[in-house]
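All remarks here apply to the structure that follows.
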């Protein structure tokens, strides 16, 4: 094990560090051809954009080890067709898929064991393996720490069914199940340092612990003229409280994310309950192969990626998946169309929101989407040129565009999205997207029978009994109520109908070590509290 890995284990055992609590602050971007046709300029623009946001990531003292950077591109079929011919194979009629695999570089026996598991599961699924391709890399651009932890990066090239035999969506679902089977067998075999960056017939991921501007040098593949794409998702990671690791570099398999999910613990717990029904409905006899949906120890972004990937492979379009998991503040939006409100109300009954600052760039192969959390606590600016290039990113000017060719630019607002339907070659803004999603199902009819707290009958007078002073004092004491609670909290609530605004300081002794009797609720603490001045969280701060 490297010194970095040993230090991480020591901190986990002796300190307060825990991998589940990892968050990061980053730069994120999206480049897309509105026409839906693959071009080389998308890849070049993404490489330039990464170089422009290098300052959003940190660098180690060795000057070359970065926090992580990467690109998610369309799978360049012509490029890999050439690679298959070079390996001595004829290309079959079926669809082409490629898996990007991180293997344990210094454990040759472990590498062979990993390859055997990968090939066995692919063959079990009825797929043909052309072979393995060692990805060319230039290690001169990475630092000592990145070299010490560098995996062996290989690509497995696969022949799938023809379009007549299986739809693209079903093939992607099959590859998803195969990947989960591989991951489970790797864990059962106790093999380390294995990771599948992507396994798809639609997309491919190139990422690692290099400086953002070094990506195209480290991976010569992305400079090849045959590597073209309809879209590109880019990411520069900044580790605020995490250890940089090759597999934690973004993009993940469907998204790149700047921000943090503050409700992650609850979201993970709820997904354990949802995955039982969701997996059974969408994957039938293969349901057990994909559980648990969220891998143990996954970071907040990796967990969100896993949840979105499940929705997408279950048949949801990416804009719908985003609306389900990262919705806008629909409860307090007075101008929202009733159809859209009903859509959000139904989705809220099905899936809990993943809440927290979030700028997201996502793709499911057909859609490429950029969107914000309900408070827009991370920025996303966009620009569109007259010849149909869309650029969305954490900063304006990530890609150098001639001003006279820019026909539209702006910033996304709270909960908003912008997307390209790559199949139809259409650019859709926020209102168009949500109107389209709202028409996917009869949401108004579905929520017509919903009942909320406001629908409960008013309590009778008998439900509010009065107590004499002695009895009231006894009951307040039994409930753990103090004079301070009554004067500072209850008085304000009785007078104004809302909680008083106080300072952020909290010097209350922990209930577990307090010498006074404490109410059971005081043994718990809110995991996250966000206070802004003026208040901007229209949901939390209205109560």
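Numbering (my numbering), first residue to last: 4 to 546.
For every residue, glycine included, the Cβ atom is placed at its ideal position computed from N, Cα and C.
6 Å CB neighbourhood of residue i in its chain, flanking five on each side removed
i: residue 80; result: 99
i: residue 110; result: none
i: residue 433; result: 419 and 420
i: residue 237; result: 32, 49, 52, 53 and 74
i: residue 164; result: 97
i: residue 290; result: 282 and 283
i: residue 445; result: none
i: residue 471; result: none
i: residue 297; result: 271, 274, 306 and 309
Segment limits, beta strand (DSSP E) that includes residue i
i: residue 33; result: 30 to 36
i: residue 222; result: No beta strand (DSSP E) contains residue 222, which DSSP labels as neither H nor E.
i: residue 206; result: 206 to 211
i: residue 258; result: 258 to 262
i: residue 312; result: No beta strand (DSSP E) contains residue 312, which is instead part of the alpha helix (DSSP H) from 303 to 316.
i: residue 411; result: 409 to 414
i: residue 199; result: 198 to 203
Residue i - containing alpha helix (DSSP H), residue span
i: residue 269; result: 267 to 286
i: residue 380; result: Unbroken run through residue 380: none, as it is neither H nor E.
i: residue 296; result: Run containing residue 296: none; DSSP gives neither H nor E here.
i: residue 394; result: Residue 394 -> not in any alpha helix (DSSP H); beta strand (DSSP E) instead, spanning 392 to 396.
i: residue 492; result: It is not in any alpha helix (DSSP H) - residue 492 carries neither H nor E in the DSSP assignment.
i: residue 346; result: 341 to 353
i: residue 527; result: Note, residue 527: premise wrong, no alpha helix (DSSP H); not H, not E.
i: residue 186; result: 171 to 191
i: residue 290; result: First-last for residue 290: undefined, no H or E at that position.
i: residue 449; result: 446 to 450
Closest by C-alpha distance to residue i, when choosing among the options
i: residue 150; options: 60, 248 and 364; result: 248
i: residue 453; options: 346, 468 and 512; result: 346
i: residue 294; options: 181, 106 and 458; result: 181
i: residue 332; options: 517, 379, 224 and 386; result: 379
i: residue 203; options: 519, 212 and 179; result: 179
i: residue 276; options: 217, 355 and 287; result: 355
i: residue 369; options: 44, 217 and 36; result: 36
i: residue 382; options: 327, 317, 261 and 352; result: 261
i: residue 353; options: 287, 411 and 281; result: 281
i: residue 252; options: 456, 44 and 152; result: 152
i: residue 139; options: 113, 223, 159 and 170; result: 223
i: residue 232; options: 366, 197 and 198; result: 366
i: residue 200; options: 94, 257 and 41; result: 257
i: residue 360; options: 265, 415, 171 and 311; result: 265
i: residue 388; options: 415, 407, 285 and 197; result: 407
i: residue 250; options: 193, 309, 212 and 462; result: 212
i: residue 431; options: 385, 403, 317 and 122; result: 385
i: residue 186; options: 130, 119, 274 and 468; result: 119
i: residue 108; options: 183, 154, 148 and 481; result: 154
i: residue 146; options: 494, 221, 404 and 173; result: 221
i: residue 125; options: 162, 112 and 103; result: 162
i: residue 267; options: 310, 287 and 166; result: 310
i: residue 132; options: 116, 330, 411 and 158; result: 158
i: residue 351; options: 113, 168, 329 and 95; result: 329
DSSP bridge partner residues for residue i (one or two, in chain order)
i: residue 136; result: 158
i: residue 424; result: 370 and 429
i: residue 470; result: None; residue 470 has no bridge partner.
i: residue 504; result: Answer is none; residue 504 lacks a bridge partner.
i: residue 235; result: 34 and 76
i: residue 363; result: 260 and 374
i: residue 152; result: None; residue 152 has no bridge partner.
i: residue 323; result: For residue 323, which the question treats as bridged, DSSP gives no partner whatsoever.
i: residue 147; result: Paired residues: none, contrary to the question.
i: residue 42; result: 232
i: residue 477; result: Partner(s): none; residue 477 has no beta bridge.
i: residue 387; result: 393 and 411
i: residue 131; result: 162
Residues of its chain near residue i, where Cβ-Cβ distance is below 7 Å and the 5 sequence neighbours each way are ignored
i: residue 521; result: 483 and 514
i: residue 322; result: 370, 372, 420, 422, 436 and 440
i: residue 229; result: 79, 81, 82 and 85
i: residue 391; result: 36, 37 and 38
Own chain partners of residue i with C-beta closer than 8 Å, once the 5 adjacent residues on each side are dropped
i: residue 214; result: 57, 60, 62, 67, 69, 72 and 144
i: residue 225; result: 46, 50, 74, 76, 209, 218 and 219
i: residue 292; result: 180, 183, 184, 187 and 286
i: residue 142; result: 150, 153 and 221
Residue i Cβ short of 8 Å to the ligand GDP heavy atom set
i: residue 269; result: Within the structure as shown, the ligand GDP is missing, as the structure has no ligands at all.
Checklist line | beta strand (DSSP E) runs contained entirely in the region 46 to 114, provided each spans 3 or more residues | finding: 72 to 77 and 99 to 106
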